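Have a look at the structure below before the remarks.
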Amino acid sequence: MHAPNRRRFLQWFATVAAVPWTRTALPALGAVAAATAAAQTTEEEAPPPEVGPWLEIVKQRWGRTLSPDDLKAIGDNLAWTARSGKTLRALSLQNADEPDVVFRAERPVVEK
Amino acid sequence: MTPPSVYFESAAALGRMLHARRTTSLALTRGYLDRLRTIGHELNAVVTLMEDSALAEAERADEEIRRGRIRSPLHGVPYGVKDLLATRGVPTTWGAEPYRNQVFDHDATVVRRLRDAGAVLIAKLAMVELAGGMGYDEADASFTGPGLTPWNRAFWSGGSSSGPGAAVAAGLVGFAIGSETSGSILTPSAFCGVTGLRPTYGLVSRHGAMALSWTLDKLGPMCRSAEDCALVLQAIAGRDPKDATSVARRFRWQRPERRARKLRVLVPKGCVEKVQPEVRSAFEASLHELEAFATIEHDVEWPDFPWGPSVGTIVDAEGAAAFLSLIESGDLAKLRCPADRIGGYSSMLTPAVDYVQALRVRAPMKRAVNALFQRCDMIASPTRASVSYPIDKKFRDAYPDVSGGPALIPAGNLCGLPAVCLPNGFGQHGLPTSLTLMGPAFSESLLLEAAYRLQLVTEWHRQQPQLA
Chain B
0 MHAPNRRRFL QWFATVAAVP WTRTALPALG AVAAATAAAQ TTEEEAPPPE
50 VGPWLEIVKQ RWGRTLSPDD LKAIGDNLAW TARSGKTLRA LSLQNADEPD
100 VVFRAERPVV EK
Chain Y
0 MTPPSVYFES AAALGRMLHA RRTTSLALTR GYLDRLRTIG HELNAVVTLM
50 EDSALAEAER ADEEIRRGRI RSPLHGVPYG VKDLLATRGV PTTWGAEPYR
100 NQVFDHDATV VRRLRDAGAV LIAKLAMVEL AGGMGYDEAD ASFTGPGLTP
150 WNRAFWSGGS SSGPGAAVAA GLVGFAIGSE TSGSILTPSA FCGVTGLRPT
200 YGLVSRHGAM ALSWTLDKLG PMCRSAEDCA LVLQAIAGRD PKDATSVARR
250 FRWQRPERRA RKLRVLVPKG CVEKVQPEVR SAFEASLHEL EAFATIEHDV
300 EWPDFPWGPS VGTIVDAEGA AAFLSLIESG DLAKLRCPAD RIGGYSSMLT
350 PAVDYVQALR VRAPMKRAVN ALFQRCDMIA SPTRASVSYP IDKKFRDAYP
400 DVSGGPALIP AGNLCGLPAV CLPNGFGQHG LPTSLTLMGP AFSESLLLEA
450 AYRLQLVTEW HRQQPQLA
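Residue numbers (numbering that gives the first Met the number 0), protein chains in the order written: chain B, 0 to 111; chain Y, 0 to 467.
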């Protein structure tokens, strides 16, 4: 089976091709720029160390239906996941920076 | 006999013809159904024709119009929806083989609101399987086959709203409803040469729509003019108790009058340097047209954030949760595109902390982009860096040297911002090019005004593909 690299494709398709992370930071966002620069990689770079264990989980859970080519493609995807995570975890966010999703408690609706 | 040119009229014009009783909804509906049956299937744009219910709705519309009860400017106008919107008793396939026989017992809120406005639903239109959430990388990614743009059938109609784009461009419906998580209205609109509107997140209820990413998904119109997008938005916008993210705002369209002040438009640095030459020249011509009613500031630095990793991580995590049962069942293997058959497995391992980080950074992203909007009304850019991709190549192999610069589509979606795109010329292989105008949240009126003004002085949106 053909083995595309899903995450790199997602990134590429969203931004229209080859230089998706051109970095020209606003002064106030320098920390963000540094963080994103850390995620810029080349095709030849070795996969991040977590990819091996993650791929083992994939094999354990769903491996009976996956070919070696499938597993290679999933490994490429997982490398993207690891590198993106590194970028996101390097962001300079403060303790008070909440996820931009608001949870609300609600009083029970009284049935009349 | 309805002349073929009528099928390419704007929805607004069709509404005027209907309400002046120069045609009937029944005649238009029959004609569009015929075109969907023939041209629509050739373009792989159709999933299900709703012939019986459409003819009944059309007869009802004609009767109400005869009695002088005009529900809205869209009353009697036939339309189609991307096949991720629930329609009671009719299959809603999400473009994917495992859901081919899925039938809901309710209508999506958008479908209900358009029915209330008197529009006539005639077809469920093709889409990329699961709206592209599993990572497709080629045009052939739906059980209906690769969507084809009517401008050149060797090329893709765009995704994931592939059917709405092709159907509107080919005069197969009066207008259509698409959806966007990150680019799925803008891209097919650009590749098919139609006018598309991505509304502000929350302005249009998503109740009854397939969920791919709860914090990114939006529904919006794909039409043959900016005014049509406005009329459709007017019908579908507003709070819906069935969608907690929907907001208590309505949208009202009025044709703009003479402007008291010029609009302020920014052009991000790097957005044309590596696009196709025809895309660039069309964009520059659009800026020239904009200057009649806007001041343009060039080479503006776009805020520096990990737009790609953020949107990718969010789509991965939310998409894996939304399709958890599909992934766990092994039925991913039934999807059409090889990349889609394995994409969900890696998404399942997205670390929770990374997902939450991506949600956390959206607040500073919004602040940075809103700071830009302190000094402008909207951002202008080419919608895509290239014309459509050939259907016989992987996307990444189509135009490897082309780039659009700043990640405006992910940025706009991560910040929940509205954008309108409109055709602005033709490029390689006779394929359309497109301009996007993106504004701050709930700036649809201004965006559509600008697009409307451009379409008053240009003819790109009136061009018709040769379909013989």
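Positions of the beta carbon are idealized from the N, C-alpha and C atoms, including for glycine.
Computed from a prediction, not measured in an experiment: that's the story for all the values here.
Indicate whether at least one CB of chain Y lies closer than 8 Å to the CB of W20 of chain B. Within the first sequence, numbered from 1, the residue matching residue 20 of chain B stands at position 21. Model confidence at W20 of chain B stands at a pLDDT of 27, short of 50, so the residue's coordinates are unreliable and nothing is read from them.
Beta-carbon of A332 of chain Y versus every beta-carbon of chain B: anything under 8 Å? On the second sequence, residue 332 of chain Y is found 333 positions in, with the first residue counted as 1. At least one chain B Cβ lies under 8 Å of A332 of chain Y.
Contact the segment 415 to 431 of chain Y vs the segment 378 to 386 of chain Y: 3+ CB pairs below 8 Å: yes
Where does E137 of chain Y fall in DSSP's three states? In the second sequence, residue 137 of chain Y corresponds to position 138, counting from 1. In the structure shown, E137 of chain Y sits in coil (DSSP, three-state: anything other than H, G, I, E or B).
Going by CA-CA distance only, name the one from B:V50, B:K111, B:G84 that's closest to K71 of chain B. Residue mapping note: residue 71 of chain B aligns to position 72 of the first sequence, counting from 1. With respect to the C-alpha of K71 of chain B, the residue from B:V50, B:K111, B:G84 having the closest C-alpha is B:V50.
Taking 8 Å as the cut-off, does the segment 234 to 242 of chain Y touch the segment 205 to 219 of chain Y (at least 3 CB pairs, one atom from each stretch)? Segments in contact, yes.
Once you ignore the five residues that flank R249 of chain Y on each side, which residues in its own chain have a CB closer than 7 Å to its CB? Position 250 of the second sequence, counted from the first residue, corresponds to residue 249 of chain Y. Result list for R249 of chain Y: A236, G237, in chain order.
For a quick check, are the C-beta atoms of G42 of chain Y and A153 of chain Y less than 8 Å apart? The residue given as residue 42 of chain Y occupies position 43 in the second sequence. The residue given as residue 153 of chain Y occupies position 154 in the second sequence. Reading the sequence as shown, one finds Leu at residue 42 of chain Y and not Gly. No, the Cβ-Cβ distance between L42 of chain Y and A153 of chain Y is not below 8 Å.
Is the segment 97 to 104 of chain Y touching the segment 307 to 321 of chain Y, taking contact as three or more C-beta pairs under 8 Å? Here the segment 97 to 104 of chain Y makes no contact with the segment 307 to 321 of chain Y; the two share fewer than three CB pairs at distances below 8 Å.
Please classify F102 of chain B as buried or exposed, where buried requires at least 16 neighbouring CB atoms within 10 angstroms. Start at 1 with the first residue of the first sequence, and residue 102 of chain B comes out as number 103. When all chains shown are included, F102 of chain B counts as exposed.
If you drop the 5 nearest sequence neighbours on each side, which residues of the same chain put their C-beta closer than 8 Å to that of T349 of chain Y? On the second sequence, position 350 is the one that residue 349 of chain Y refers to. If we look at T349 of chain Y and ignore the five residues flanking it on each side, its Cβ neighbours are T312, D315, A316, A319.
In this structure, does DSSP put F394 of chain Y in helix, strand or coil? Numbered from its first residue, the second sequence carries residue 394 of chain Y at position 395. Three-state DSSP puts F394 of chain Y in a helix.
Let's see if you can read the secondary structure: which residues bound the alpha helix (DSSP H) around N76 of chain B? Numbered from 1 along the first sequence, position 77 holds the residue referred to as residue 76 of chain B. Looking at the DSSP string, the run of the alpha helix (DSSP H) that includes N76 of chain B is 67 to 88.
Can you name the residues that DSSP bridges to F154 of chain Y? By one-based count along the second sequence, residue 154 of chain Y stands at place 155. Y:P389.
Unbroken alpha helix (DSSP H) runs of length 4 or more, entirely within the segment 164 to 225 of chain Y: which are they? 185 to 191
Does the beta carbon of Q373 of chain Y sit closer than 8 Å to a beta carbon anywhere in chain B? The residue labelled residue 373 of chain Y in the question sits at position 374 within the second sequence. It does not; no Cβ of chain B falls within 8 Å.
Any residues in the segment 347 to 365 of chain Y with a beta carbon nearer than 9 Å to a beta carbon of chain B? Which ones, in chain order? M347, L348, T349, P350, V352, D353, Y354, V355, Q356, A357, L358, R359, V360, R361, A362, P363, M364, K365
Evaluate the contact criterion for the segment 82 to 96 of chain B versus the segment 355 to 374 of chain Y: three or more CB pairs, one atom per stretch, below 8 Å. yes
Going along the chain, which residues of the segment 127 to 159 of chain Y sit with their C-beta nearer than 7 Å to a C-beta in chain B? G134, D136
In chain Y, which residues lie with their C-beta within 8 Å of the C-beta of A72 of chain B? As a position in the first sequence, residue 72 of chain B is number 73, starting the count at 1. A338, I341, listed in chain order.
Inter-residue Cα distance where the pair is R258 of chain Y and L430 of chain Y: Sequence index remark: in the second sequence, residue 258 of chain Y carries index 259 (1-based). Sequence index remark: in the second sequence, residue 430 of chain Y carries index 431 (1-based). Cα to Cα, R258 of chain Y sits roughly 33 Å from L430 of chain Y.
Apart from the five residues on each side of it in sequence, which residues of its chain come closer than 7 Å, Cβ to Cβ, to S212 of chain Y? Within the second sequence, numbered from 1, the residue matching residue 212 of chain Y stands at position 213. Closer than 7 Å at Cβ, skipping near neighbours: T180, I313, V314, E317, G318.
Residue-chain proximity (Y98 of chain Y, chain B), Cβ-Cβ < 8 Å: For the purposes of this step, residue 98 of chain Y is identified with residue 99 of the second sequence, where counting begins at 1. No, no contact with chain B.
If contacts are defined as beta-carbon pairs under 8 Å, then R223 of chain Y and H74 of chain Y qualify, I think. What distance do you get, rounded to the angstrom? For this step, residue 223 of chain Y is matched to residue 224 along the second sequence. For this step, residue 74 of chain Y is matched to residue 75 along the second sequence. R223 of chain Y to H74 of chain Y, Cβ: 18 Å. No contact.
Beta strand (DSSP E) segment containing I295 of chain Y, residue limits: As a position in the second sequence, residue 295 of chain Y is number 296, starting the count at 1. Note, I295 of chain Y: beta strand (DSSP E), 293 to 299.
Under 8 Å between the Cβ atoms of E157 of chain Y and P187 of chain Y? Counting from one through the second sequence, the residue named residue 157 of chain Y turns up at place 158. Counting from one through the second sequence, the residue named residue 187 of chain Y turns up at place 188. In the sequence as displayed, the identity of residue 157 of chain Y is Gly instead of Glu. Yes, these two residues count as a Cβ contact at 8 Å.
Indicate the three-state DSSP secondary structure (helix, strand or coil) for I121 of chain Y in the structure shown. Here residue 121 of chain Y refers to the residue found at position 122 when the second sequence is read from its first residue. I121 of chain Y falls in the strand class under three-state DSSP.
Taking 8 Å as the CB-CB cut-off, is E97 of chain B touching chain Y? Numbered from 1 along the first sequence, position 98 holds the residue referred to as residue 97 of chain B. Yes, E97 of chain B counts as interfacial toward chain Y.
Reduced DSSP category for V329 of chain Y - H, G, I as helix; E, B as strand; rest coil: What you label residue 329 of chain Y is simply residue 330 of the second sequence in a count that begins at 1. Before going further, note that residue 329 of chain Y is Gly rather than Val in the sequence given. Correct three-state label for G329 of chain Y: coil.
Given E44 of chain B as reference, the closest of B:W53, B:R82, B:R106 once Cα atoms are compared: Indexing the first sequence from 1 puts residue 44 of chain B at position 45. Closest by alpha carbon: B:R82.
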